[in-house]
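Beneath this line is the structure, given in structure tokens, with notes to follow.
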Amino acid sequence: MLHPSFSQKSGAGSAKQALRWFSYHAPSTLSDALRLLEDGSAMPLAGGQSLMPTLIARAIAPGAIVDLNRIQDFPDVELEPGRLRTGALVRMQQVIDHPDIAQNLPLLHQAVSHIGHRAIRNRGTLVGSLCQLDPWAEVPLVACALEASLLITGPSGPRQARFSEFAAAPNRPLLAPGELVVAADWPLWRPEHGAGFSEVARRPNDPALACAAALILLDENRHIQRVVLAIGGVCPLPIRCHQLEALLVGKSADDLRAITTDMIEADLSGHVIRDDALADAAYRRHLAPIVAARAVEQAVSRAR
């Protein structure tokens, strides 16, 4: 049946349809949800912060919506040695409020704090953002930097995929028909590491034109022992700056040169630079070293 909130009355007794017709299901078990999702036209609903606007715009026309919010089978926030797991229904605001995440995964905590406003964070889920794969999104950027992995289940059984394998294209995760992401695993760094996050947007809560995430581990002489830098918003998917990372390893944290366009150009080379109504490619290319330098500076200042 059509969910009753998805239609409205307009005019003299006539019905004005807000959305295309689809069936609505709210299963209470994961197995029931997977059975419903075997229909190739069905789509899952968790937070709905991306799905609902897309439905309202009629950009998609699913035959069914499978609401996951009554299912108790998903993990919540689970801290284990070496990793932190977040289940499919963990909300953005939970990330901000959860002490284990703030203490053990500060990069994710910082990034999620930049997402929208509280009403959005109260509903939006981490896994939903990873599956949506918007080019400007903060959560996929953190997944790229941390090399997160996703726990997926479906008709062929459970499997695990690294984020780099899962992120096939913007808004197109690598999922087979009927598959569902049930959790994300976030690797943990040593407690003394520093994390930094920076983004530039036209206005607060607007999509990021460019954003960067950095993780840094210093040795006893305050030289960079390990560094990870990822950039989002500039290309269709977040990218790791492997060549720039190699340049930074061994540098003194107290004497870092500014990250210049030339230094980051090698990592941008070969990637499409986004060009849209919010910003052209030249401006995004200009922003890339700026957000990268800010994220690295933050990470260095927080490393112990």
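Reminder that position 11 of the sequence shown reads as 15 in my numbering, one-by-one numbering, no gaps.
Heads up, the beta-carbon is just placed ideally off N, CA and C, and yes, glycines get one too.
Coil, strand or helix - residue i by DSSP
| i | result |
| --- | --- |
| Ile-100 | helix |
| Thr-157 | strand |
| Ile-263 | coil |
| Arg-87 | strand |
| Asp-271 | helix |
| Val-116 | helix |
| Asp-71 | strand |
| Gly-254 | coil |
| His-290 | helix |
| Glu-142 | helix |
| Asp-189 | strand |
| Arg-308 | coil |
| His-121 | coil |
| Thr-129 | strand |
| Ala-106 | helix |
| Ile-220 | strand |
| Pro-242 | coil |
| Leu-137 | coil |
Residue closest to residue i, alpha-carbon to alpha-carbon, out of the options
| i | options | result |
| --- | --- | --- |
| Pro-79 | Thr-265, Val-238, Gly-236 and Leu-155 | Leu-155 |
| Leu-83 | Val-70, Gln-107, Ala-92 and Ile-75 | Gln-107 |
| His-121 | Ala-173, Pro-159 and Met-96 | Met-96 |
| Glu-42 | Pro-242, Gly-182, Leu-248 and Ala-173 | Gly-182 |
| Leu-111 | Cys-245, Cys-215, Pro-66 and Leu-251 | Cys-215 |
| Ala-172 | Arg-207, Pro-159, Cys-148 and Ala-205 | Cys-148 |
| Glu-249 | Val-276, Ile-220, Arg-226 and Leu-241 | Ile-220 |
| Ala-115 | Arg-207, Ile-124 and Val-99 | Val-99 |
| Val-231 | Phe-167, Ser-273, Gln-302 and His-290 | Gln-302 |
| Ser-273 | Leu-150, Gln-247 and Gly-254 | Gln-247 |
| Val-143 | Arg-163, Trp-190, Ala-165 and Ala-123 | Trp-190 |
Buried or exposed by the 16-neighbour rule on C-beta atoms within 10 Å, applied to residue i
| i | result |
| --- | --- |
| Trp-193 | buried |
| Thr-90 | buried |
| Asp-223 | exposed |
| Gly-200 | buried |
| Lys-13 | Annotation note: pLDDT 41 at Lys-13 (below 50); position unreliable, no value reported. |
| Glu-196 | exposed |
| His-102 | buried |
| Ser-153 | buried |
| Arg-308 | exposed |
Span separating the alpha-carbon of residue i from that of residue j
| i | j | result |
| --- | --- | --- |
| Leu-213 | Ala-296 | 13 Å |
| Phe-10 | Asp-104 | Note on Phe-10: pLDDT 43, under 50, position unreliable in the model; no value is reported. |
| Ser-202 | Ala-218 | 9 Å |
| Ile-228 | Asn-175 | 35 Å |
| Gln-53 | Arg-127 | 7 Å |
| Asp-271 | Asp-280 | 21 Å |
| Leu-184 | Gly-161 | 10 Å |
| Leu-34 | Leu-179 | 17 Å |
| Leu-233 | Leu-282 | 24 Å |
| Asp-258 | Thr-265 | 21 Å |
| Gly-51 | Gly-132 | 7 Å |
| Ala-37 | Thr-129 | 18 Å |
| Glu-169 | Met-56 | 26 Å |
| Val-300 | Ala-205 | 19 Å |
| Leu-40 | Gly-158 | 11 Å |
Beta-carbon separation (whole angstroms), residue i vs residue j, contact threshold 8 Å
| i | j | result |
| --- | --- | --- |
| Ala-68 | Ser-27 | 4 Å |
| Leu-23 | Leu-59 | 5 Å |
| Met-47 | Val-70 | 7 Å |
| Ala-238 | Ala-286 | It is Val, not Ala, that sits at residue 238 in the sequence shown. About 11 Å; that fails the 8 Å criterion. |
| Pro-139 | Arg-278 | 6 Å |
| Leu-88 | Leu-109 | 5 Å |
| Pro-31 | Ile-75 | 7 Å |
| Val-276 | Pro-240 | 6 Å |
| Pro-242 | Leu-145 | 4 Å |
Contact test: residue i Cβ vs the ligand SAH heavy atom, cutoff 7 Å
| i | result |
| --- | --- |
| Pro-48 | The ligand SAH is absent from the structure shown, which contains no ligand whatsoever. |
C-beta neighbour in chain B for residue i, strict 8 Å
| i | result |
| --- | --- |
| Met-47 | Looking for chain B here will not work: only one protein chain is present. |
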